[in-house]
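Colleague: What follows is a structure written as structure tokens; I'll ask about it next.
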Amino acid sequence: MVHYPDPILRRKAAEIQVNDQVRAVTRRMIELMHQEEGIGLAAPQVGLPWRLFVTFVPPSEKRVAGAEPLQADERPMVYINPVIVEPGGDLVPLEEGCLSLPDIRGVVNRPDSVTIRALDEHGNKIERRASGLLARCWQHELDHLDGVLILDRMTQIYRMKNRSAVRDLEAEWDAAHGG
5 MVHYPDPILR RKAAEIQVND QVRAVTRRMI ELMHQEEGIG LAAPQVGLPW
55 RLFVTFVPPS EKRVAGAEPL QADERPMVYI NPVIVEPGGD LVPLEEGCLS
105 LPDIRGVVNR PDSVTIRALD EHGNKIERRA SGLLARCWQH ELDHLDGVLI
155 LDRMTQIYRM KNRSAVRDLE AEWDAAHGG
């Protein structure tokens, strides 16, 4: 798992072709996502500059207190060269975390529903529409493919609240990389 401030997290990822290597990587990413108890994982988070992410928002995550049921994945899903083609709904503030930013959480405003186009792990074109947590997950993971982190999107108050944790991650990075 790649942690902030690794430079790969700030690079725009490149489109890829679907092949056996990509399929093997997606299987490993799904395993790692489950192991880390995440609902999404993008290729840059595992050190690969590829436009690829995986998600699994299980049915148990479908409800938010007092809200209507949200869409969920029936199984782990793979999105290769994804594009959001139709953001929709209201901007909704919700707290997010990130596997590449341990111990950092903050409120991020995102459209409540989106339509995504991508290739699956077999190279088939897919188009899906979701709302709620699954739509938020897609947007969060797609941000990773463009070098954007929740630190860039969270509200100012949460940037301030997380300043110390960010400095700690930067110090850990410097110590590990001779900085």
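In the numbering used here, each residue carries its 1-based index in the sequence shown increased by 4. We treat Cβ as the ideally placed atom computed from N, Cα and C, and that holds for glycine. Small disclaimer: the values here were computed from a predicted structure and weren't measured.
(1) Drop a sphere of 10 angstroms on the beta-carbon of Ile43, count the other beta-carbons inside from all chains shown, and report buried for 16 or more, exposed for fewer.
(2) Would DSSP call Gly92 helix, strand or coil?
(3) Is the separation between the beta-carbon of Leu105 and that of Ile161 shorter than 8 Å?
(4) Beta-carbon separation of Glu125 and Thr30 under 8 Å?
(5) Restricting to runs no shorter than 3 residues, where is the beta strand (DSSP E) found entirely within the segment 108-157?
(6) Indicate the three-state DSSP secondary structure (helix, strand or coil) for Tyr83 in the structure shown.
(7) I need the straight-line Cα distance from Arg167 to Asp107, nearest angstrom please.
(8) Look up Val68 in the DSSP assignment and say whether it is helix, strand or coil.
(9) For the segment 130-148 against the segment 115-122, do three or more pairs of beta-carbon atoms, one drawn from each stretch, fall closer than 8 Å, so that the two count as touching?
(10) Under 8 Å: do the segment 164-183 and the segment 82-97 share three or more Cβ pairs, one atom per stretch?
(11) Compare the Cα-Cα distances from Ile12 to each of Met81, Leu149, Asp172, Ala169 and report the closest residue.
(12) Taking its Cβ as the centre, do 16 or more other Cβ atoms sit within 10 Å of Leu95, making it buried, or is it exposed?
(13) When you compare the CB positions of Leu138 and Val61, do they come within less than 8 Å of one another, or not?
(14) Would the beta-carbon of Pro48 fall within 8 Å of that of Val82?
(15) For Val68, count neighbouring C-beta atoms within 10 Å of its own C-beta (all shown protein chains included) and say buried if the count is 16 or more, exposed if not.
(16) Per the DSSP calculation, Ala18 is bridged to which residue(s)?
Modeller: Looking at the atomic coordinates:
(1) buried
(2) strand
(3) With contacts defined by Cβ atoms closer than 8 Å, Leu105 and Ile161 do not form a contacting pair.
(4) yes
(5) Here the runs fully enclosed are 109-123, 129-135.
(6) strand
(7) 11 Å
(8) Only weak support exists for where Val68 lies, its pLDDT of 47 falling under 50; the coordinates are left without a value.
(9) yes
(10) No, the segment 164-183 is not in contact with the segment 82-97.
(11) Leu149
(12) exposed
(13) yes
(14) no
(15) Confidence at Val68 is low in this model, with a pLDDT of 47, below 50, so its placement is unreliable and the value that follows should be read with caution. Answer is exposed; the Cβ neighbour count stays below 16.
(16) Paired residues: Trp54.
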